[in-house]
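K.L.:
Quick one: structure below, then a few questions.
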Amino acid sequence: NYLNFELTEAFVSANIPLEKLDNKKLCEFLRQNVPNGGAIPSSTQLRCEYLPKVAECHKQEIMELVNLSVVTDESTDAQDQYVLHILFVLQGLNDEDASDSKLKAVLADIMYLQAVNYNTISQAIVKCLNNVGVDFNNISAFISDSATYMSKAYNQVLQGLLSNSVHLTCNAHIVALLDIWRTSFRVVDKLIATVKKVFKYCPSRKLHFKEHLQSVVQAVGSNLHVKLPPEPVKTRWGSWYAATEYHAQYINFYLGFVEEEIEITPNTQVLKELKCQLDNSEILQIQLNLIARHGKELVDLIKWFENREVHVHQAYNKVVNLINTYKALTGEQHSGDTGIQSQCIKTFTEIADKLTNYYDPNHSERTSHFTQPAHQFLKAVRMFDPLQVCMLNLDALLLDSMLGFNRSCKTELEGYRFYAKECSSDLSLTAFWRSAEPRFPNIANLANRYLSVVPNSMDAERSV
Numbered sequence: 068n069y070l071n072f073e074l075t076e077a078f079v080s081a082n083i084p085l086e087k088l089d090n091k092k093l094c095e096f097l098r099q100n101v102p103n104g105g106a107i108p109s110s111t112q113l114r115c116e117y118l119p120k121v122a123e124c125h126k127q128e129i130m131e132l133v134n135l136s137v138v139t140d141e142s143t144d145a146q147d148q149y150v151l152h153i154l155f156v157l158q159g160l161n162d163e164d165a166s167d168s169k170l171k172a173v174l175a176d177i178m179y180l181q182a183v184n185y186n187t188i189s190q191a192i193v194k195c196l197n198n199v200g201v202d203f204n205n206i207s208a209f210i211s212d213s214a215t216y217m218s219k220a221y222n223q224v225l226q227g228l229l230s231n232s233v234h235l236t237c238n239a240h241i242v243a244l245l246d247i248w249r250t251s252f253r254v255v256d257k258l259i260a261t262v263k264k265v266f267k268y269c270p271s272r273k274l275h276f277k278e279h280l281q282s283v284v285q286a287v288g289s290n291l292h293v294k295l296p297p298e299p300v301k302t303r304w305g306s307w308y309a310a311t312e313y314h315a316q317y318i319n320f321y322l323g324f325v326e327e328e329i330e331i332t333p334n335t336q337v338l339k340e341l342k343c344q345l346d347n348s349e350i351l352q353i354q355l356n357l358i359a360r361h362g363k364e365l366v367d368l369i370k371w372f373e374n375r376e377v378h379v380h381q382a383y384n385k386v387v388n389l390i391n392t393y394k395a396l397t398g399e400q401h402s403g404d405t406g407i408q409s410q411c412i413k414t415f416t417e418i419a420d421k422l423t424n425y426y427d428p429n430h431s432e433r434t435s436h437f438t439q440p441a442h443q444f445l446k447a448v449r450m451f452d453p454l455q456v457c458m459l460n461l462d463a464l465l466l467d468s469m470l471g472f473n474r475s476c477k478t479e480l481e482g483y484r485f486y487a488k489e490c491s492s493d494l495s496l497t498a499f500w501r502s503a504e505p506r507f508p509n510i511a512n513l514a515n516r517y518l519s520v521v522p523n524s525m526d527a528e529r530s531v
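In structure tokens, the structure reads:
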């Protein structure tokens, strides 16, 4: 029985459907090569008898957790039904391996909603927490996208119930809102759209292009890889930028290919459009190079926010660095063309201003929509990084914004700062706080609680 339990747990953990055990070849292999392999029950029996036991076991593990974060994302399925995915991000600093700083996310529930508003969202989350049996006081953070109903659900309902939590808007969503290159450089956007249309409905043209590219690259002695242009999708962050990077490298090879294709199919309108656009290839090349060079910082930050490492203590610094980068670019000369130079300055200024607006609570133009409600938390959580704490100005306002930072923590603060200064900079956060916990138990408890807060809701989106 225990073997069947472990088998079910292993298949579920590896995301392997239990039906695979009913495969004739697999059954034969298990019977011949595994002791008692022929005694493995069918998938139906495993699902009915053992899967509920596995679920109950994991539910008990979640109930025993000291701290966790709740991550949500709403989407629609193939039948256009509203689906709410609720994930728990487990505390990331309690692993046996002190070098492991990856956050662990588990899918807690999937709920179908008749409508999407702050009432249905908050009710679904409370129901999920009650079903699992999680203590509301153990919730460290509620992470969602930037939708208004998510903010309203937390501010009007969940905040009172989850009194020890902070609400974070997914940082990857917020930074993605700054991707204004497409609207700022219309000529480049039109080129990317046209190239996509050229290949989308003609598979043979893709083969012709690869053959053309192969011959041209060899003729000029270039080390460029022979590959097709990427097809950007609006819902995939960074895909448009990836297309600009490609076109910046390969645009000089397009005209010859287009002329060859026009000879084969002279009445193809999209080829004529592309040829007309390539008449301004010099301006296109300048703009593509500018976007490829200066858009990388923005795309890199989005990708950084999407990963699963424990890095919430670095989030605020990353944002400030990006603001400073684009502010500095506004004072540089990027092109001798007045129009292109003006476009660059406008784009860089708008990105810096928007990002400041999203993360600065005192900004004069701050709006209630698309902002980071946890801006103070992101600033304060840096105190739990031993490499930063000695350089931070930890004023009373900043310390008070950290829930649970009480008088006992303030008493330990100076000793912790001195200890952090003396410790090796090679220690991981996990290893540092394990060594520091006996000396500073109150601050260590908060560090374990807040350093495991995930700064994005990407795991919830991946589960959709």
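Just so it is clear: in the sequence shown, position 342 is 409 by the numbering used here, and no numbers are missing. Just so you know, even glycine gets a beta-carbon here, dropped at the ideal spot from N, CA and C.
(1) Y149 bridges to which residues according to DSSP?
(2) Count the other CB atoms within 10 Å of the CB of R272; is the residue buried (16 or more) or exposed (fewer)?
(3) Skipping 5 residues on each side, what residues in its chain have a beta carbon closer than 6 Å to that of K126?
(4) If you run the structure through DSSP and keep just helix, strand and coil, what is I206?
(5) Who are the near neighbours of F415 in its chain, counting only those whose CB is closer than 6 Å to its CB and skipping five residues on each side?
(6) Tell me the DSSP secondary structure of S492 in three-state form.
(7) Who are L280's beta bridge partners in DSSP?
(8) So, under 8 Å CB-CB, F372 and P522 are touching, yes? Tell me the CB distance rounded to an integer number of Å.
(9) Once DSSP output is grouped into helix, strand and coil, what is the label at L454?
(10) Note down, in chain order, each residue of its chain lying with its Cβ closer than 8 Å to the Cβ of L338, except the 5 sequence neighbours on either side.
(11) Would DSSP call A214 helix, strand or coil?
(12) Quick one: grab the DSSP three-state call for H314.
(13) Is the separation between the beta-carbon of I153 and that of V173 shorter than 8 Å?
(14) What number of angstroms, rounded off, separates the C-alpha of N103 from the C-alpha of S110?
(15) According to DSSP, simplified to helix, strand and coil, what is T397?
(16) CB T236 to CB S211, shorter than 8 Å?
(17) Mind the definition here: the segment 187-203 touches the segment 222-240 only if three or more C-beta pairs lie below 8 Å; say whether that holds.
(18) Pull up the CB-CB distance for H401 and L357, whole angstroms please, since I reckon it's below 8 Å.
(19) Tell me the start and end of each unbroken alpha helix (DSSP H) in the segment 223-262 that is at least 4 residues and wholly inside, in chain order.
(20) Return the first residue and the last residue of the alpha helix (DSSP H) that G323 is part of.
(21) From P84, T311, I107 and N515, pick the residue whose C-alpha is nearest to that of Y69; which is it?
(22) Taking just the CA atoms, how far does L513 sit from A441?
(23) Give the secondary structure of S519 by DSSP, where H, G and I count as helix, E and B as strand, and everything else as coil.
(24) Three Cβ pairs or more, each shorter than 8 Å: is that satisfied between the segment 373-390 and the segment 447-455?
(25) How about Y216 and Y185: do their beta carbons lie closer than 8 Å?
(26) Quick check: the Cα distance between S491 and Q455, rounded to an integer number of angstroms?
(27) Looking only at its chain, what residues have a beta carbon closer than 6 Å to the beta carbon of D162, apart from the 5 residues adjacent to it on each side?
(28) Give every residue of the same chain whose Cβ lies closer than 6 Å to the Cβ of K263, excluding the five residues on either side of it in the sequence, and list them in chain order.
(29) Cutting at 6 Å between CB atoms, please list the residues of its own chain near T438, excluding the five before and the five after it.
(30) Label Y179 either buried or exposed according to how many other C-beta atoms from any shown protein chain fall within 10 Å of its C-beta, with 16 as the threshold for buried.
(31) Would you identify the three-state DSSP class for S402, choosing helix, strand or coil?
(32) Does DSSP put E131 in a helix, a strand or coil?
(33) Thinking C-alpha only, which one of C94, F78, Q146 and D144 is nearest R114?
(34) Just the C-alpha distance for R516 and D420, rounded to the nearest angstrom, thanks.
(35) Decide if the segment 360-375 is in contact with the segment 288-297; the criterion is three or more beta carbon pairs, one per stretch, under 8 Å apart.
(36) Need the endpoints of the alpha helix (DSSP H) that A81 sits in, please.
P.N.:
This is what the structure holds:
(1) T143 and L180
(2) buried
(3) Correct list, in chain order: V199.
(4) strand
(5) The beta carbon of F415 is closer than 6 Å to those of Y393, L396 and T397 in its chain, skipping five residues each way along the sequence.
(6) When secondary structure is reduced to three states using DSSP, S492 falls in the coil class, being assigned neither helix nor strand.
(7) Bridge partners of L280: none, in fact.
(8) 6 Å
(9) coil
(10) V265, V325, E328, I329 and T332
(11) coil
(12) helix
(13) Cβ distance not < 8 Å, so I153 and V173 don't count as in contact.
(14) 17 Å
(15) coil
(16) Yes, Cβ-Cβ distance for T236 and S211 is below 8 Å.
(17) Counting Cβ pairs under 8 Å, three or more are found: they touch.
(18) 6 Å
(19) 238-243 and 248-251
(20) Looking at the DSSP string, the run of the alpha helix (DSSP H) that includes G323 is Y321 to I331.
(21) I107
(22) 16 Å
(23) coil
(24) Flag = yes, the segment 373-390 and the segment 447-455 touch.
(25) yes
(26) Answer to the nearest angstrom: the Cα atoms are 13 Å apart.
(27) For D162, the predicted structure reports a pLDDT of 47, less than 50, and the residue's modelled location is therefore unreliable. The matter cannot be settled from this model.
(28) For K263, the CB contacts under 6 Å within the same chain, skipping 5 residues up- and downstream, are E298 in chain order.
(29) Y425
(30) So Y179 ends up on the exposed side.
(31) coil
(32) Coil.
(33) F78
(34) 32 Å
(35) no
(36) Segment: none, A81 is in no alpha helix (DSSP H) and carries neither H nor E.
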